[in-house]
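Working notes, beginning with the structure itself.
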Amino acid sequence: MAIRDVKEFAHLTEADVEALGREFDQIRADIEESRNDKDAAYIRRLITIQRRLNVAARVMMFGSNRRELWWAGALTLGVAKILENMEIGHNVMHGEWDWMNDPEIHSSTWEWDNVCPADQWKHSHNYLHHTYTNVIGKDKDVGYEILRVRSDQPWHPYYLTQPVVNALLMTFFEYGVSLHDLDIDGLVKMRLENPEEFKQKFLDILRKQARQAGKDYVLFPALTGPNFASTVSANFTANIIRNVWSYAIIFCGHFPDGAEVFTEEELENETQGEWYLRQLLGSANFTGNRLMHIMSGSLGYQIEHHLFPDLPSNRYPEIAERVTALCEKYELPYTTGSFPKQFWQATRSIWRLSLPARKIREANQKRLEAGLPRQRGKITPQGAENSSVAPAPSSTPGHPTSVSPASQT
1 MAIRDVKEFA
11 HLTEADVEAL
21 GREFDQIRAD
31 IEESRNDKDA
41 AYIRRLITIQ
51 RRLNVAARVM
61 MFGSNRRELW
71 WAGALTLGVA
81 KILENMEIGH
91 NVMHGEWDWM
101 NDPEIHSSTW
111 EWDNVCPADQ
121 WKHSHNYLHH
131 TYTNVIGKDK
141 DVGYEILRVR
151 SDQPWHPYYL
161 TQPVVNALLM
171 TFFEYGVSLH
181 DLDIDGLVKM
191 RLENPEEFKQ
201 KFLDILRKQA
211 RQAGKDYVLF
221 PALTGPNFAS
231 TVSANFTANI
241 IRNVWSYAII
251 FCGHFPDGAE
261 VFTEEELENE
271 TQGEWYLRQL
281 LGSANFTGNR
291 LMHIMSGSLG
301 YQIEHHLFPD
311 LPSNRYPEIA
321 ERVTALCEKY
331 ELPYTTGSFP
341 KQFWQATRSI
351 WRLSLPARKI
361 REANQKRLEA
371 GLPRQRGKIT
381 PQGAENSSVA
391 PAPSSTPGHP
401 TSVSPASQT
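According to full-length UniProt numbering, the residues represented by the sequence shown are 1 to 409, in order.
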């Protein structure tokens, strides 16, 4: 069920929410004032490491006819692509390093190693997703317009294919991401709001996909001469490794139990404090060591990333200490767990929601009585409804791929 009033859901007064907002503002101010050469050295060092890994992988491909070098090259290239997409590209495009005034490491100039054009990613992700996080009808990340991810989303026989569709999305995740800024909902309904814009964006996507394919499946394989075919397969494997990893990390951020969704009513006259609260309630973290967080683009700190998406990712650990302290102070949930646990919860919900709901109120009632968070794919039990929790807008009948009939802004 979707939340329509975060203050009421969190049992906070308006004054509490605004006080919380001021404390979050202070965290931002403190980090902005303390950014220094050490932070700049971090991202520059990481870019250097990533580029060296990329070169090493390409060199290994010259021996890709040998199994050990094929695997070494594919794995090394996969790691290089993960680093570039996650901790480097994603965060650079958020503007986390714009304060350095380095034209090569700037959100306005960075183009990542991904088939999704950077400018379209910055609109669909940085603007739509981060502004309207988990708001049904606004945030296209809620189900990616192809998955049923809420129990109050009407079931359709199409969703029986959801486990297969989800597996395909995971395998070819970058291609799904590349379509994210297109008005797919309008295309399915044959009601495109701006056909010319759709056409231009689609052509830009095709051009970016062609460049990526030319690089990974023509140019670099051709350089390896007789090992062309084995290099193509190794490069393809590296891309799949990156896709599966990126999918797993991203789905841990908003789909585990405890990550809430919201109705558009919540956006009406939303204050900065309420925006912070919505980001906190709609996101989920996972635990891990420093290497795990670097490889995940620091999205194990998804809550901190959504509160402060343009602050340097290497500062998230210290930010997290202050955020958890505020959650304790205001008695707010701080959703976190191990990576396997969070990924399992997200996957379990997607599988469960492929089927019509049965006996879900009773199961969720037991969880609430035990003090556990509501599970994704479980609707609020009878008698436990709160006026701040409301059914979210449903999909348009006959169009199962549509998460919401509302158009994107």
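A virtual CB, placed ideally from N, CA and C, is assigned to each residue, including glycine.
Test item: CB-CB of residue i and residue j under 7 Å
i	j	result
N65	S313	no
M86	S107	no
E145	I184	yes
A234	A74	yes
V244	M170	yes
K201	L182	yes
I105	W112	no
A248	F343	yes
F339	G282	no
A72	Q50	no
C252	F286	yes
R45	W99	no
Helix, strand or coil at residue i [DSSP, three-state]
i	result
V261	strand
A284	coil
V149	coil
A234	helix
F3	Correcting the residue identity first, residue 3 is Ile in this sequence and not Phe. In this structure, I3 counts as strand in the three-state DSSP scheme.
S349	helix
residue 494	Nothing can be reported for residue 494: it is not among the residues displayed for the chain, which extend from 1 to 409.
V135	strand
S246	helix
S64	coil
S354	coil
S338	strand
E32	helix
K81	helix
F172	coil
N289	coil
C116	coil
Y159	helix
Residue i beta carbon near the ligand SAH (any heavy atom closer than 6 Å)
i	result
L326	By its list of ligands, the structure shown contains no ligand whatsoever, and the ligand SAH lies outside what it can speak to.
Closest residue to residue i among the options (Cα-Cα distance)
i	options	result
N166	F220, I350, G89, Q200	I350
V323	N239, I3, R22	R22
T133	L46, E274, D216	E274
E84	H306, W110, M60, G137	W110
E197	K140, V232, G176, Q120	Q120
K140	H180, F62, P226	H180
L326	A19, H11, T13	A19
L53	H11, D16, S246, A238	A238
F228	A118, F62, R315	F62
L203	P317, Y316, D25, P117	P117
I82	M292, L69, H129	M292
P356	D25, K38, P154, E328	P154
E318	V17, I31, H11	I31
D5	Q302, E270, K341	E270
E174	V232, A213, W70	A213
D25	H156, D39, Y276	Y276
N91	V17, W70, K122	K122
E328	K341, H156, L280, S246	L280
Distance, residue j Cα to residue i Cα
i	j	result
E264	A29	29 Å
G220	R278	One detail in the question is off: residue 220 reads as Phe in this sequence, not Gly. About 45 Å.
A210	R67	28 Å
V115	G89	13 Å
G383	F172	Any reading at G383 must be qualified, since the residue scores a pLDDT of 39, below 50, and its modelled position is unreliable; the value itself is stated next. Looking at the two C-alpha atoms, the distance is approximately 42 Å.
A320	E304	6 Å
residue 410	T224	One cannot answer for residue 410 here, as it falls past the ends of the chain, which runs 1 to 409.
G193	L168	The sequence shown places Glu at residue 193, not Gly. Cα to Cα, the separation comes out at about 28 Å.
G78	K7	43 Å
T48	L353	43 Å
I27	G95	18 Å
D310	N126	10 Å
I136	Q272	19 Å
H254	V177	16 Å
T380	I3	A caution first: T380 carries a pLDDT of 43, below 50, which makes its placement in the model too unreliable to give a value.
Y316	P226	47 Å
D216	A57	12 Å
Y159	F262	22 Å
T161	G143	14 Å
R290	F236	28 Å
E331	T13	13 Å
I43	T131	25 Å
S394	K189	Annotation note: pLDDT 41 at S394 (below 50); position unreliable, coordinate value reported separately. Answer to the nearest angstrom: the Cα atoms are 15 Å apart.
L128	K208	22 Å
D37	D102	13 Å
V218	R242	19 Å
L267	P163	32 Å
When the Cβ atoms of the segment 250-263 are set against those of the segment 325-338, are three or more pairs found closer than 8 Å? yes
Check whether the segment 290-305 touches the segment 135-149, counting contact only when three or more Cβ pairs, one atom from each stretch, lie closer than 8 Å. no
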